[in-house]
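Contents: one structure, followed by commentary.
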């Protein structure tokens with residue numbers, strides 16, 4: 481006998497860029513939707529009247545496009561209201577987790593607490609070398625990033641874009657000519673963060689080189705810096721299929737697969 | 481100055497069902513592609529001639545559709561051969577990880593070592609109760625699973641399918657009327673695995689109920705069983721865009737978002 | 481033939497409370513130590529002269545006890561200097577990751593960016609209920625926490641302490657009588673953080689109840705709050721074995737096993 | 481007002497080697513213990529009569545030493561029986577997860593499904609090279625492993641042992657002189673597994689070299705192999721503190737910190 485049951489869609493990753501004016505607002509939400517209702521026949525193979533979980537995902541993106549997202553309780557209630565209006569549904573739940581982004585400057589943002597510091601020292605008979613590093617620094621820009629002009633062939637389906645979200649998790653390693661002071665790490669991090677947001681970006685590669693050059697210019701004791709920038713893709717979610725206007729505001733944040741850009745910037 | 485550099489696409493999750501006859505073969509691959517070449521101008525903002533990492537992903541799926549996948553070294557070499565033929569590329573690398581699936585019966589498969597066993601005992605003044613459990617059991621069927629007849633409205637974009645991959649990670653909890661013997665767990669697991677593969681599935685809900693009923697029928701000392709079945713979606717990758725035939729063989733395995741189906745099956 | 485080889489100890493988790501005055505400083509380090517040297521015979525079964533990796537761990541704690549830890553480059557260099565002085569060692573490396581803690585008030589600290597916000601709405605024919613929540617909030621106190629007076633029997637080995645580190649990762653769920661405003665979450669979090677640090681703690685249980693009461697007192701629209709507080713143990717590392725004074729400054733941070741304290745605080 | 485509450489110890493990692501005869505049996509358990517009872521005063525700062533969670537951990541290890549561990553339901557019930565006999569406790573729960581180990585040969589075991597296969601191909605103008613690899617292969621020996629004769633100084637506290645558990649997670653990379661066949665990977669893995677268990681081990685280093693040599697001897701097309709073997713420490717848990725005999729049967733499995741042994745074995 482069928483006892484308590486429910487079903488739904490979990491880990492719906494929706495990011496909205498609210499483009500009111502010069503300064504964008506950003507909301508990064510992970511939504512779980514769960515329904516209960518008259519779904520006993522479904523458990524015997526009859527899907528009549530069953531909302532697909534794929535449809536639940538679409539509804540979240542559609543509502544995210546329409547809702548101002550100025551209140552999480554209100555947005556969650558809107559999702560629930562949509563589903564309790566369905567005759568087959570007796571109970572609906574929306575659970576939303578919000579990942580907090582802090583503004584760095586302009587439309588550049590940081591998530592988390594600024595990354596993990598790494599410092600490594602290697603010693604042998606010839607002396608001691610110092611390496612600085614930074615890991616797990618999540619940063620994102622919602623303006624000033626394009627990607628176009630790349631090669632096209634029969635396997636190319638990516639559209640060109642003049643305005644995309646650029647998001648990455650910085651891993652950096654830099655190599656000192658001599659032992660640095662305690663304050664060097666924070667200064668390098670600040671320079672990386674500032675350089676990430678201060679230019680028009682034509683590609684992750686260009687941004688990477690620009691960030692590395694900014695560090696070498698301001699830190700004469702650093703000989704080279706290696707940067708690894710995974711491209712954390714934020715794909716525009718096509719809400720025109722639901723009769724809504726695509727305004728480049730609602731994105732699906734995905735972790736796999738991802739572009740991975742790596743380079744070392746060194747003194748000439 | 482730009483030093484050593486490379487870029488590519490990582491974590492391309494491609495699953496191929498090789499449909500030679502009654503018994504399918506299954507290969508579950510995670511591919512990383514990395515290119516080196518004449519991309520110095522890209523770091524200054526000129527993307528001319530740059531293969532997009534999105535294109536690298538497409539090539540992996542296209543080659544997976546064409547290649548028999550009877551040899552991993554050969555498939556990896558085919559990916560590399562594609563890219564070294566590109567004038568801009570001086571070095572290409574394909575790194576492939578294969579997750580092993582073992583056949584259970586027919587076209588039902590299991591990954592990993594059969595899940596983690598859980599046993600919980602709760603005691604108070606009234607006595608002692610026993611709960612059995614199973615976690616992290618990855619199973620997949622490549623035939624006999626459909627999903628159609630569900631509700632359609634303006635937000636529904638999911639096509640109906642009569643032949644899909646059904647994959648899940650079983651979490652089960654069952655409750656005993658009395659203390660079980662040491663061998664009960666393995667018998668329940670075997671019954672769950674067999675029931676997963678022995679029927680035509682119209683939905684995860686139906687398969688869930690069928691699995692629960694199989695356990696209750698064969699284990700009179702179990703009073704009820706709660707099952708949680710996330711739907712690990714395997715989405716057909718559309719290779720017709722590359723001039724290839726879609727044969728329902730090449731899938732993108734994705735972890736987010738996912739359908740989540742939960743129910744308790746109990747004695748009437 | 482033996483080619484390049486090295487060995488070492490990884491993930492040495494050392495936390496130091498620098499107790500200069502009223503306000504403690506805190507450094508949370510994860511250290512990897514790697515040695516290369518004349519260890520060819522070890523690979524043939526002769527361990528003569530081989531520093532055990534367990535000894536490498538001990539050296540890190542001993543040096544952490546002696547070093548002021550005001551410079552990470554300097555502390556890493558001290559570890560390396562210890563090992564290059566060993567005749568069998570030709571190269572030593574210390575890699576240190578620092579997890580950043582921010583002061584909340586007094587000697588209460590927070591790691592990361594203040595936790596993840598959760599909001600859930602459930603609706604059915606009877607109406608709509610709102611639940612707030614907080615996850616992944618790492619907090620720590622380095623003063624004002626004791627644990628003594630607990631039961632002792634033949635299985636009890638834990639010493640009593642009047643001054644321990646209290647660290648936890650807060651999971652909280654609270655339930656509203658009516659739909660809250662957007663600002664409610666941040667106010668609840670601030671109240672939880674302040675209550676965590678504002679009292680003498682005799683146990684995690686007492687601190688939990690105090691935190692829950694603080695929320696209920698200041699938020700009349702919240703009916704009850706459920707708190708889950710794992711005890712992230714910081715065990716004093718005994719450096720007296722190395723001829724050093726134990727000053728309750730150097731701790732081993734461990735994640736398993738852990739105490740887990742759960743309770744709901746509700747209106748009377 | 482204090483509502484529902486409970487507390488306990490989670491993630492108690494106990495491994496028992498049951499040494500009946502030549503062939504050991506192995507059980508790898510993760511135990512959570514939870515108590516409910518008359519602990520209201522504890523939430524107001526009075527710990528009288530409160531069992532410490534550290535004591536809960538000790539009880540699990542003590543009972544594991546005494547219990548034959550031939551039935552998980554019975555062992556869980558024994559833990560519960562211990563705690564419900566405590567006057568302050570009204571309800572006790574033990575939840576046990578078992579990680580399954582499969583015997584390889586003798587007293588060598590494998591956990592999981594035999595590791596992940598890796599194959600990488602790199603191509604450029606000069607041709608194509610093939611690299612095989614293996615990851616996430618958990619293996620353990622419960623006999624024939626010693627560690628003694630290592631260096632001792634003021635920082636050395638590790639006792640010598642003639643009979644320890646040797647456990648590791650193999651990461652291997654090997655490099656082919658020419659393109660291998662599809663079957664090469666499984667043969668290399670089998671050779672690694674067999675070599676892991678077929679000798680008296682004086683150190684991880686010796687076992688590593690022996691494993692690498694076994695592969696080179698049997699695979700003429702492999703030029704060199706790099707092995708990374710973390711030492712997954714299983715520390716004997718001292719039950720003599722509870723009046724029980726230490727029989728080298730009960731171990732605490734810990735993941736941090738860990739020894740990390742790396743070397744390349746190549747042709748002379």
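Residue numbers (the working numbering), protein chains in the order written: chain A, 481 to 748; chain B, 481 to 748; chain C, 481 to 748; chain D, 481 to 748. We treat Cβ as the ideally placed atom computed from N, Cα and C, and that holds for glycine.
Asked, Found
"Can you tell me the Cβ-Cβ gap for residue 582 of chain B and residue 590 of chain B, rounded? I've got them flagged as a contact below 8 Å.", "5 Å"
"Apply the 10 Å Cβ neighbour rule to residue 508 of chain D and answer buried if 16 or more other Cβ atoms are within range, or exposed otherwise.", "buried"
"Compare the Cα-Cα distances from residue 682 of chain D to each of D:556, D:644, D:607 and report the closest residue.", "D:644"
"Within 8 Å (strictly less), CB to CB, does residue 578 of chain D reach chain B?", "yes"
"My guess is that residue 648 of chain C and residue 709 of chain C are in contact by the Cβ rule of under 8 Å, so how many angstroms apart are they, rounded?", "5 Å"
"List, in order along the chain, the chain A residues whose C-beta lies closer than 8 Å to that of residue 481 of chain B?", "745, 746, 747, 748"
"Could you name the residues of the segment 481-501 of chain A whose beta carbon sits closer than 7 Å to any beta carbon of chain B, in the order they occur along the chain?", "481, 482, 483, 484, 485, 486, 487, 488, 489, 490, 491, 492, 493"
"In the segment 621-637 of chain B, which residues sit with their C-beta less than 9 Å from some C-beta in chain D, listed in chain order?", "none"
"Pop quiz: residue 676 of chain C and residue 495 of chain C are said to be a contact at Cβ under 8 Å. What is the actual Cβ separation, rounded to whole angstroms?", "18 Å between Cβ atoms; not a contact."
"CA-CA distance, residue 482 of chain B and residue 547 of chain A?", "45 Å"
"For a contact defined as C-beta to C-beta under 9 Å, what are the partners of residue 599 of chain C on chain A?", "552, 553, 555, 556, 574, 575, 576, 577, 578"
"Using a Cβ cut-off of 8 Å (strictly closer), state whether residue 641 of chain B contacts chain D.", "no"
"Going along the segment 518-540 of chain A in order, which residues come within less than 8 Å of chain B, judged by CB to CB distance?", "519, 522, 523, 524, 525, 526, 527, 528, 529, 530, 531, 532, 533, 534, 535, 537, 538, 539"
"On the DSSP letters alone, give me the boundaries of the beta strand (DSSP E) that residue 711 of chain A sits inside.", "702-711"
"Note the first and the last residue of the continuous beta strand (DSSP E) segment covering residue 588 of chain D.", "588-591"
"Using the Cβ count rule (16 or more neighbours within 10 Å means buried), how would you classify residue 639 of chain A?", "exposed"
"How would you label residue 661 of chain A, buried or exposed, when you count the other beta carbons within 10 angstroms and need 16 or more for buried?", "exposed"
"What are the partner residues of residue 583 of chain C, as DSSP defines its beta bridges?", "C:589"
"Are the segment 533-547 of chain B and the segment 553-570 of chain D in contact at 8 Å, needing three or more beta carbon pairs?", "no"
"Of all the residues that make up the segment 685-704 of chain B, which are near chain A by a beta-carbon distance shorter than 8 Å?", "685, 686, 688, 689, 704"
"Is it the case that the segment 683-693 of chain C contacts the segment 729-745 of chain C, given that we only count it when at least three CB pairs across the two stretches are under 8 Å?", "yes"
"Name the chain B residues that come within less than 8 Å of residue 660 of chain D, Cβ to Cβ?", "553"
"Express the C-alpha separation of residue 711 of chain D and residue 512 of chain C in angstroms, rounding to a whole number.", "14 Å"
"State the DSSP-derived secondary structure class of residue 541 of chain A, mapped to helix, strand or coil.", "helix"
"Tell me whether the beta-carbon of residue 510 of chain D lies closer than 8 Å to the beta-carbon of residue 492 of chain D.", "yes"
"Could you tell me which residues DSSP puts in a beta bridge with residue 731 of chain B?", "B:495, B:716"
"Could you please give the first and the last residue of the uninterrupted alpha helix (DSSP H) stretch that includes residue 776 of chain D?", "Not covered by the structure: residue 776 of chain D. The range shown for chain D is 481 to 748."
"Quick check: residue 717 of chain D and residue 527 of chain C, are their CB atoms within less than 8 Å of each other?", "no"
"Where in the segment 593-654 of chain D do unbroken runs of the beta strand (DSSP E), each at least 3 residues long, occur, reported from the N-terminal end onward?", "596-604, 607-621"
"Mind pulling the chain A residues with CB within less than 9 Å of residue 608 of chain C?", "557, 560, 561, 564"
"Taking only three categories from DSSP, how would you classify residue 694 of chain C?", "helix"
"By how many angstroms is the C-alpha of residue 578 of chain C removed from the C-alpha of residue 678 of chain A?", "28 Å"
"Find the nearest neighbour of residue 749 of chain C within the set D:488, D:538, D:503, judged by alpha-carbon distance.", "Residue 749 of chain C falls outside the range modelled here, since chain C spans only 481 to 748, and no answer is possible."
"Could you tell me which whole alpha helix (DSSP H) segments of length 4 or greater appear in the segment 501-575 of chain D?", "533-546, 552-564"
"Taking the alpha-carbon of residue 574 of chain C as reference, which of C:664, C:552, C:584, C:559 has the nearest alpha-carbon?", "C:559"
"Using a C-beta to C-beta distance shorter than 7 Å, which residues of chain C count as neighbours of residue 723 of chain D?", "634"
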